[in-house]
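Take the sequence shown: its letter number 53 is residue 54 in my numbering, and every next letter is one higher.
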Amino acid sequence: MTAADMIPVRPTGVVASHMIHGVGRCEHIEYTDDDGARVIVSEFPERNNYARVTWWTPDGRRQEAQERGSHRWLLAVAGFALQGS
């Protein structure tokens with residue numbers, strides 16, 4: 002995948018946090034593409050070992066990728082390019 006193939010996304014400003022039994026706190030930050038599709042990065046600070054990117058395909062299928070790194074890196078792993086940050 003080249004940079005030209007990546008889908009640009011930007012932060013929506015939606016941030017959420019909640020507790021998960023046996024895991025601890027989970028923090029979510031939402032991004033969106035130009036078509037309004039949601040992309041969510043979930044981090045688990047107390048585990049400090051990975052984060053998850055979740056997005057939905059145009060036909061409604063949920064996709065996920067797990068990786069360690071910055072939000073920019075996590076989004077790139079899933080084929081998205083962070084814009085405006």
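For glycine and all other residues, C-beta sits at the position ideal for the given N, C-alpha and C.
On a predicted model such as this, the values are computed, not experimentally measured, just so you know.
In the DSSP assignment, what are the bridge partners of residue i?
i	result
Trp-56	Val-40, Gln-64
Met-20	Arg-26
Tyr-32	Pro-12, Val-40
Since residue i contacts residue j with CB under 8 angstroms, what's their CB separation in whole angstroms?
i	j	result
Leu-75	Ala-52	5 angstroms
Thr-43	Thr-55	One detail in the question is off: residue 43 reads as Ser in this sequence, not Thr. Yes, they are in contact, since the Cβ atoms of Ser-43 and Thr-55 sit about 7 angstroms apart, within 8 angstroms.
Gly-80	Met-7	6 angstroms
By Cβ distance, which residues of its chain are closer than 6 angstroms to residue i, with the 5 residues on each side in sequence left out?
i	result
Pro-175	Given a span of 2 to 86 for the chain in the structure shown, any question on residue 175 remains unanswerable.
Val-78	Ala-66, Glu-68
Ala-38	none
Arg-63	Trp-57
His-72	Val-42
Looking at the unbroken beta strand (DSSP E) that takes in residue i, where does it start and where does it end?
i	result
Ala-82	81-83
Is it true that the CB of residue j sits closer than 7 angstroms to the CB of residue i?
i	j	result
Val-10	Asp-36	no
Val-16	Ile-30	yes
With a threshold of 8 angstroms on Cβ separation, who are the neighbours of residue i within its own chain once the five nearest residues in sequence on each side are excluded?
i	result
Pro-46	Gly-25, Arg-26, Glu-28
Gly-61	none
Please determine whether the Cβ atom of residue i lies at a distance below 6 angstroms from any heavy atom of the ligand HEM.
i	result
Trp-74	Only the bare structure without any ligand can be found here, which leaves the ligand HEM out of the picture.
With respect to the alpha helix (DSSP H) encompassing residue i, which residues constitute its N-terminal and C-terminal limits?
i	result
Arg-48	From DSSP, Arg-48 is part of no alpha helix (DSSP H); its letter is neither H nor E.
Arg-69	Careful: Arg-69 lies outside any alpha helix (DSSP H) and carries neither H nor E.
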